[in-house]
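K.L.:
Just dropping this structure here.
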Amino acid sequence: MSLPCHSPLLSDIALKHAQHALDHAWADSTLSKYSSALNQFIIIFYDLEGIPHSLQIPTSEHLLCAFAASRISSIAGSTAESHIAAIKAWHIYNNAPWFSGSHLHYVLNGISTSPPPPLIVLPALLSLVLCCFCWTPISLTPTPSMSSVGL
Numbered sequence: 001m002s003l004p005c006h007s008p009l010l011s012d013i014a015l016k017h018a019q020h021a022l023d024h025a026w027a028d029s030t031l032s033k034y035s036s037a038l039n040q041f042i043i044i045f046y047d048l049e050g051i052p053h054s055l056q057i058p059t060s061e062h063l064l065c066a067f068a069a070s071r072i073s074s075i076a077g078s079t080a081e082s083h084i085a086a087i088k089a090w091h092i093y094n095n096a097p098w099f100s101g102s103h104l105h106y107v108l109n110g111i112s113t114s115p116p117p118p119l120i121v122l123p124a125l126l127s128l129v130l131c132c133f134c135w136t137p138i139s140l141t142p143t144p145s146m147s148s149v150g151l
């Protein structure tokens with residue numbers, strides 16, 4: 001539960017109502033997108049970088065910047081911003097401090113203004129090259145079978 005389980009100022013029913021409201025603060029479609037971003041952050045980024053899971057939450061601005069910039073040439077700036085928004089929502093839900101500032105702002109800006117990812121990735125390019133070498137030109141001279149179909 002993200003809200004304090006016990007509070008001398010609030011009744012249990014008030015805490016339950018607040019938790020219920022927080023549980024429904026995001027649309028299901030948003031939660032689905034955020035879940036994917038959090039999986040990339042927690043499972044992929046932390047594991048690839050060898051970062052201890054004890055540093056997941058609260059996340060330092062330094063780690064937020066590193067995560068956002070880790071795929072600078074493979075995602076759009078708006079996607080990086082959405083991933084950071086997912087991490088922020090996770091912090092809010094878990095009542096954890098959120099450490100972002102001007103450094104993260106400028107990293108996200110740099111991602112947004114960097115060249116877009118290439119449209120043709122290496123495997124597709126290799127397939128295209130192989131097709132070109134294996135392709136034989138088709139004759140455009142009408143054959144009897146072509147004229148019978150109106151060509």
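Following UniProt numbering, the numbering of the sequence shown begins with 1 at its first residue and continues without gaps. We treat Cβ as the ideally placed atom computed from N, Cα and C, and that holds for glycine.
Nearer than 6 Å: is that true of the beta carbon of Lys16 relative to any heavy atom of the ligand NAP?
P.N.:
No copy of the ligand NAP appears in this structure; indeed no ligand is present at all.
K.L.:
Does the Cβ of Ala86 have 16 or more other Cβ atoms within 10 Å, making it buried, or fewer, making it exposed?
P.N.:
buried
K.L.:
Quick check for students: name the residue ranges of the alpha helix (DSSP H) that lie wholly in the stretch 35-98, counting only runs of 4 or more.
P.N.:
Here the runs fully enclosed are 46-49, 61-69 and 77-93.
K.L.:
Take Ala80 and list the residues in its own chain whose beta-carbon comes closer than 7 Å to its own, dropping the five residues that flank it on each side.
P.N.:
Ala68, Leu108 and Ile111
K.L.:
Touching or not, the stretch 55-63 and the stretch 93-109, by the rule of three or more beta carbon pairs under 8 Å?
P.N.:
yes
K.L.:
Is Leu9 helix, strand or coil by DSSP?
P.N.:
In the structure shown, Leu9 sits in coil (DSSP, three-state: anything other than H, G, I, E or B).
K.L.:
Excluding five sequence neighbours on each side, which residues of the same chain lie with their C-beta closer than 8 Å to the C-beta of Lys88?
P.N.:
Trp98 and Ser100
K.L.:
Judging by CA-CA distance, which residue of His91, Pro123, Ile72 and Trp90 is the nearest neighbour of Tyr106?
P.N.:
The residue with the shortest Cα to Cα distance from Tyr106 is Ile72.
K.L.:
With respect to the alpha helix (DSSP H) encompassing His105, which residues constitute its N-terminal and C-terminal limits?
P.N.:
Ser102 to Thr113
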